[in-house]
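J.: Just passing along the structure, written as structure tokens.
Protein chains: 2
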Amino acid sequence: MQNRIKDLRQQHDLTQDELAEKLEVSRQTIISLEKGRYNPSLILAHKIAKLFEMQIEDVFIFEEGKNNG
Amino acid sequence: MQNRIKDLRQQHDLTQDELAEKLEVSRQTIISLEKGRYNPSLILAHKIAKLFEMQIEDVFIFEEGKNNG
DNA sequence: CCTTTACGTAAAGCTAGCTTTACATTTAAG
DNA sequence: CTTAAATGTAAAGCTAGCTTTACGTAAAGG
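As given, the protein sequences belong to chains A and B, one line each in that order. Going by the UniProt record's numbering, the first sequence opens with residue 1, and the numbers climb by one from there. Going by the UniProt record's numbering, the second sequence opens with residue 1, and the numbers climb by one from there.
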């Protein structure tokens with residue numbers, strides 16, 4: 001699962017530290033998210049999408065076309 | 001955080017067990033989700049929304065109007 | 001050289017999502 | 001009463017999201 005967090009953060013002129021504060025998570029969490037190291041909780045995903053005024057599905061890119069019917 | 005899972009499941013004539021199989025999770029997970037007992041992972045939320053052909057934000061209802069601008 | 005800012009890795013630890021098993025209740029059918 | 005399907009609770013256990021601390025690197029500035 002990929003995401004556009006790094007891109008969006010830079011577009012909004014935020015450092016990792018600033019983004020972490022706004023989302024009320026640690027900087028490590030931001031780094032890990034940007035590196036695609038894990039699958040965040042829905043609430044965190046929502047906070048991110050809300051901050052950037054986007055839909056969750058537009059921030060996070062899911063693997064479509066795997067076993068999709 | 002609330003959600004419309006129970007409602008959507010019934011609209012689609014699915015039992016908890018059938019929904020669990022489709023989502024590749026346990027029935028307990030469905031029960032807990034329907035009861036709002038926790039905050040699912042983003043991937044699970046996505047699978048649910050995709051199954052019902054909806055946006056995540058339309059399946060899960062986040063507390064808006066708290067400190068929202 | 002030294003300090004500050006920003007980004008990154010590593011690893012130990014806590015918490016909560018999710019699984020598994022077991023048991024109880026309700027409704028429908030015989 | 002018995003069987004079966006559907007829903008629910010309880011609790012033990014594994015895994016992974018997230019935190020915290022520590023250390024390393026590179027760029028900007030004095």
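We put the beta carbon where it would ideally sit given N, CA and C, even for glycine.
Mind checking which residues open and close the alpha helix (DSSP H) that includes R9 of chain B?
T.: From DSSP, the alpha helix (DSSP H) with R9 of chain B extends over I5 to Q11.
J.: Hey, would you say R9 of chain B sits closer than 8 Å to V59 of chain B, going by beta carbons?
T.: In this structure, V59 of chain B does not lie closer than 8 Å to R9 of chain B by Cβ.
J.: Below 7 Å CB to CB, which residues in the same chain sit around H46 of chain A once its five sequence neighbours on both sides are set aside?
T.: I56
J.: Identify every residue that forms a DSSP beta bridge with F60 of chain B.
T.: B:N3
J.: Excluding sequence positions up to five away, which residues of its chain have a Cβ less than 8 Å from the Cβ of K22 of chain B?
T.: L14 and L51
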